[in-house]
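Participant: Protein chains in written order, with our numbering: chain A, 1 to 142; chain B, 143 to 643; chain C, 644 to 1054. Beta carbons: idealized from backbone N, C-alpha and C, even for Gly. After the structure tokens below, expect a handful of questions from me.
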Amino acid sequence: MKRVYVNEEWCLGCHLCEYNCAYANSGIDDMVKALKGRQIFPRVHIEGNDGINYAVSCRHCKDPLCVKSCIAGAISINDGVIRIDKNKCVGCLTCVLVCPYGAVAAGPTGVAQKCELCLSNSCGEPACAKGCPNNAIVFEER
Amino acid sequence: MQEHYIYPEFEVMRNKDRCIACRVCERQCANEVHRFDTELGVMIADEARCVNCQRCVSLCPTHALKIVKSDCRLRENANWSDSTIKEIYKQANSGGVLLSSMGNPKPFPVYWDKILINASQVTNPPIDPLREPMETKVFLGKKPDDIRRDENGELITEISPQLELSMPVMFSAMSYGSISYNAHASLARAATELGICYNTGEGGLHEDFYVYGPNTVVQVASGRFGVHKNYLEAAAAVEIKMGQGAKPGIGGHLPGTKIVGDISRTRMIPEGSDAISPAPHHDIYSIEDLRQLVFSLKEATEYKKPIIVKVAAVHNIAAIASGIARSGADIIAIDGFRGGTGAAPTRIRDNVGIPIELALASVDQRLRDEGIRNNVSLVVGGSVRSAADVVKAIALGADAVYVATAALLAMGCHLCRTCQSGKCNWGIATQRPDLVKRLNPDIGSQRLVNLMNAWRHEIKELMGGMGINSIESLRGNRLMLRGVGLTAKELEILGISHAGE
Amino acid sequence: MSDYLIIGNGTAAVGCIEGIRSVDNESSITVVSAENHHVYSRPLISYYLEGKTDLERMLYRPADFYEKNNVRLIYGKAAKLDIRKRTVTLADKHKQAFDKVCICTGSSPFVPQFEGLDTVKKRFTFMTLDDSLALEKALTKDSRVLIVGAGLIGLKCAEGIAERVGSITVCDLADRVLSSILDSECAAVMQSHLEKHGIRFMLGDTAVRFDKNTAVMKSGAKVGFDILVLAVGVRAETSLAAQAGCEVDRGIVIDSEMQTTVADVYAAGDCSEGFDSSTGTQRVLAILPNAYMQGRCAGVNMAGGSSSLSDLIPMNSIGFFGLHCATAGAYPEDAQVYEEKSADSIRRLYVRNDKLAGFIVIGDVSRAGIYTSLVREKTSVEDVDLNELKKEPSLAIFSSEVRRKKLGGVV
């Protein structure tokens, strides 16, 4: 299955992925309209320091702790893709507590959100990988 | 002393309606032009630092940025141009020699643009390269003058070592040090994939790149940095660098601050010591001396590799080339005055040397006149910008061309011409690790391959139009060229007729 | 082909069903559910009262879950488990045979024998959906509610009904809220936040006697109320297991494969004792993630697969009125403590033998899972700058090589 992979060696820490992600998941067709003057809640985030940076987003684990731990049964795995049913989620953040990658976070409404490989938006492919200027994030089969 | 304030050359135009304050511009500008003001909550710019490399423009996700030429101008003066006056101010401020990068930007004539290519009509039909085979392969090196047979009457097929290229283009010399590890990796990988060669320049060959040896030309320059047995043996050809188009007659100087880590090891000089390439080779003061070095290198490589001698295009280039052709060299590389550089004194770059088109035509003619054209192959560089330039160069008599600036552009260079600062935002002309990593060789090499493949297609189309199906048939075929807007003297040197003739 | 029986219909039961079906798609599965409901998310009963979810969205698995997994669901209370005859008898005398059984009976509220409790008309426990629905019916805009117990259940109940009643008083014999997971300092932060939202506390004091609408406290104070919620604690439901001859301590004793001391009898979830790897002790780990994992592990093993659990740890993510709190692992007394504090947030790491034994984060809980994984996986933090780590959990603590595997490999 194609996943988002990170090549730390090439990450510039430019944070474009975060903005592309927030835009892709905004449902708005203009980036300025979607993001200007707003706090963004991207599903990918850049970590690092001292010249080392890397993007972190959901790994879509084969044996995911978040799915097992969700108290609302709101997280499920289908064809290898882990998704959160935002209608069922009550924002307890147990998934945040168990994700070993720090890849799940509370969204703007307090409900948990994470990377769903841009399958539910109009981007077509993960916006983070598509917009990465240096192939530090790639969407491929490994 | 208070320096005279000089109004910045560029202005950063930020469309406040579009800017989302993502701060990508701030993070990507090594010149620290952009800054987010936390109190005002907006991005601000210090334009005095801007070199117009367009990194921010390119990466801005909402296209909110553009860089424009400042319109703060001194009173108009056709003789004392704005830039001339500002150079005076700079020198009065600093007392120093002005430094510049890349090729001569002055409005000298570009002869490529005054030469037009022929096409077949009616009597000599054009060839469709999509339907018929078309050969772009070339072999560089000394060619036999005649057919020779052994005592049994069999053909003697042994010839001097040749450099085989899938198309008549090579990436010209750029040293590791002047450009980054990743830029070198991109060039090496692209050359290998394309079946052409790249050139180490005078900075030695990084140990990681020995695997690309069959597609590598190694350089032996006046500083002899990084030259050793394995270096010569690794290469497909060895180039003796006598001169460079951007700065003929002077040497090079890579400051000690850049001689660190791998660069120090690759150049085989201590960390922190300045890498000074003298203006002359201190052992070469004549063609005979040059011949000694040529044969030393041939001995060292067991006569298996062609030796290239690279010179800058200067006034008496034809005579110089004639000498080189008799020195035992297999290939002569001539670098025109528009050739790029990582750093050169501005006055030298802008005022020394001659256009490559004229140099090429006169050298090719001279070697033919003297009957020694087959002694050598001719490679020309110094601003070959497109497939059309390549075709014109071949028709003027070149065997192949060297491209560097076009290769840099493919890798991301925006020709801001501030390589000498070492803060290349595109990860090319820098050794700062955080900037070097901006050039992912996966991308860099792919873009180089794309560019060359595009050129190859265009070369084939131009050749097909002329009814020529092999690059060898185009070489020196000046009948395929016509000049426009050229004087009789220029046409005479170029050896071409005027359009309409 | 076997006949599997699962007693209980909660999270552990779902884990068990999914565990069995990951190995065996053929055999029959029967679930005996004491509650008359499709499996729902029990921790959501307070969110239901708060209006953050509804009965439909509370379903822990989709409506067609049993059908899709070919499970027979029987509503009824298991009264007798006969392991020799391999049958269970329900309260309505219905008998169900099985080859292997998993006990997922969970826990039930512990209600002390308060004097005068039977004089209280509106009294509730807060454990099941029915409890929640019953409580909801009693709520009025003016109700004075007394909640006995300032633990997770009592406080979630308080949050759930806060907007629907007149006043809420929470009392607890312990001197602080959430005493099972927080120390005094951290508890004070949570308490102050709850107080800002109108919850009144009487701590170190508890009701000892009731007289209709008045509670008499240990201190002698009297508290008037309209609705009483008893959230003193829970007890593992172990009686069936005991009947079947399984060893029972605070919970049903099981091994790392969820097997009880009696062959073919498994147990999982709140009724059982798991191995708490953070303290190295066997104890009841009554939290939902563990229930699922234990259930699933039991299911796999029942169906002939192979699974074992050795990295369970206590952990809790709980929030009240927007203030979140994440905890995991243990807080040993001899641990070195790394702390970062501000007015309304605390981050505290407990480090022992170069490993993260446990942590408490109140406030911004982002990426707390990185801490949890260090506790769960017992990763050495010898070379980690703990003063940086305490400020923010980050994968930066790992080497590039480790990160390359984590972010560049299939996991």
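Give me the Cα-Cα distance between GLU430 (chain B) and SER469 (chain B), rounded to the nearest whole angstrom.
Facilitator: For GLU430 (chain B) and SER469 (chain B), the distance between alpha carbons rounds to 7 Å.
Participant: With distances taken Cα to Cα, identify the nearest neighbour of TYR352 (chain B) among B:GLN361, B:GLU375, B:LEU336.
Facilitator: B:GLU375
Participant: Report the neighbours of HIS15 (chain A) on chain B: residues whose CB is nearer than 9 Å to its CB, in chain order.
Facilitator: Under the 9 Å cutoff, chain B gives CYS164, ARG165, VAL166, ARG169.
Participant: Could you check what DSSP says for GLN573 (chain B) in three-state terms: helix, strand or coil?
Facilitator: coil
Participant: Quick check: the Cα distance between ASP179 (chain B) and GLY102 (chain A), rounded to an integer number of angstroms?
Facilitator: Rounded to whole angstroms, ASP179 (chain B) to GLY102 (chain A) spans 29 Å at the Cα level.
Participant: Go ahead and pull the three-state DSSP assignment for CYS968 (chain C).
Facilitator: strand
Participant: Count the other CB atoms within 10 Å of the CB of VAL210 (chain B); is the residue buried (16 or more) or exposed (fewer)?
Facilitator: Residue environment for VAL210 (chain B): exposed (fewer than 16 other C-beta atoms within 10 angstroms of its C-beta).
Participant: So what does DSSP say about GLY867 (chain C), is it helix, strand or coil?
Facilitator: It is a strand residue.
Participant: Give me the residue from B:ALA187, B:ASN260, B:GLU153 with the minimum Cα distance to LEU621 (chain B).
Facilitator: B:ASN260
Participant: At which residue ranges does the region 434-520 of chain B contain complete beta strand (DSSP E) runs of 3 or more residues, listed in the order of the chain?
Facilitator: Uninterrupted beta strand (DSSP E) stretches at least 3 residues long and entirely within the region 434-520 of chain B occur at 449-454, 473-477, given in chain order.
Participant: PHE171 (chain B): which of B:CYS566, B:ILE536, B:ALA442 sits nearest, CA to CA?
Facilitator: Note on identity: in this sequence residue 171 (chain B) is Cys, with Phe being the wrong assignment. Cα-wise, what sits closest to CYS171 (chain B) is B:CYS566.
Participant: Which class does PHE963 (chain C) belong to by DSSP, given the choice of helix, strand or coil?
Facilitator: strand
Participant: What did DSSP end up calling GLN979 (chain C) once you bin it into helix, strand or coil?
Facilitator: strand
Participant: Tell me whether PRO705 (chain C) sits in a helix, a strand or coil according to DSSP, three-state version.
Facilitator: coil
Participant: Does any residue of chain A have a CB that is nearer than 7 Å to the CB of ARG878 (chain C)?
Facilitator: no
Participant: Please return the same chain residues whose Cβ sits closer than 6 Å to the Cβ of GLN573 (chain B), not counting the five positions on each side in sequence.
Facilitator: LYS400
Participant: Would PRO310 (chain B) and ALA542 (chain B) qualify as a contact pair, given that the criterion is a beta-carbon distance under 7 Å?
Facilitator: yes
Participant: Can you give me, in chain order, the residues of the region 21-41 of chain A that have a beta carbon less than 7 Å from any beta carbon in chain B?
Facilitator: MET31, VAL32, LEU35, LYS36
Participant: Can you have a look at LEU1057 (chain C) and say buried or exposed, based on whether 16 or more other CB atoms are within 10 angstroms of its CB?
Facilitator: No statement about residue 1057 (chain C) is possible, as the shown extent of chain C runs from 644 to 1054 and does not include it.
Participant: Spatial neighbours of VAL532 (chain B) within its chain, please: C-beta separation below 7 Å, excluding the five flanking residues on both sides.
Facilitator: PRO310, VAL311, VAL526, VAL543, TRP597, ILE601
Participant: Would you mind reading off the limits of the beta strand (DSSP E) that contains TYR993 (chain C)?
Facilitator: Annotation: the continuous beta strand (DSSP E) that includes TYR993 (chain C) extends over 988-995.
Participant: In chain B, which residues lie less than 9 Å from PRO108 (chain A) when you measure between Cβ atoms?
Facilitator: Those within 9 Å of PRO108 (chain A) in chain B number zero; the least Cβ separation is about 16 Å.
Participant: Would you mind telling me which residues of chain A sit closer than 7 Å to HIS967 (chain C), beta carbon to beta carbon, in chain order?
Facilitator: Correct list: LEU93.
Participant: Report yes if the CB atom of MET553 (chain B) is closer than 7 Å to the CB atom of SER328 (chain B), and no otherwise.
Facilitator: yes
Participant: Suppose you measure from the CA of GLY863 (chain C) to the CA of PHE918 (chain C); what does that come to, to the nearest Å?
Facilitator: 42 Å
Participant: Who are ASN341 (chain B)'s beta bridge partners in DSSP?
Facilitator: ASN341 (chain B) is bridged to B:VAL359.
Participant: Using the C-alpha atoms, what's the distance from ILE230 (chain B) back to ALA190 (chain B)?
Facilitator: 18 Å
Participant: Taking the Cβ atom as the reference point for each residue, do CYS66 (chain A) and CYS95 (chain A) lie within a distance shorter than 7 Å?
Facilitator: yes
Participant: For VAL6 (chain A) and LEU1050 (chain C), which I take to be in contact (beta-carbon distance under 8 Å), what is that distance rounded to the nearest angstrom?
Facilitator: 4 Å
Participant: Would a C-beta distance cut-off of 7 Å place SER212 (chain B) and GLU151 (chain B) closer than the cut-off?
Facilitator: Yes. Within cutoff.
Participant: Against chain B, which members of the region 119-139 of chain A pass a CB distance test of less than 8 Å?
Facilitator: GLY131, PRO133, ASN134, ASN135, ALA136
Participant: Could you list the residues in the region 539-567 of chain B with a C-beta less than 9 Å from some C-beta on chain A, going in chain order?
Facilitator: Taking 9 Å as the upper bound on Cβ-Cβ separation, chain A lies near no residue of the region 539-567 of chain B.
Participant: What are the start and end residues of each continuous alpha helix (DSSP H) run of 4 or more residues lying completely inside the region 802-857 of chain C, in chain order?
Facilitator: 827-839
Participant: Given a limit of 8 Å on CB to CB distance, which residues of the region 692-715 of chain C reach chain A?
Facilitator: LYS695, THR696, ARG700, MET701, LEU702, TYR703, ARG704
Participant: Could you give the first and the last residue of the continuous beta strand (DSSP E) run that contains PRO752 (chain C)?
Facilitator: 750-752
Participant: Report, in whole angstroms, the separation of the C-beta atoms of ILE930 (chain C) and GLU916 (chain C), which I expect to be a contact under 8 Å.
Facilitator: Going by Cβ atoms, the distance from ILE930 (chain C) to GLU916 (chain C) rounds to 13 Å, so no, they are not a contact pair.
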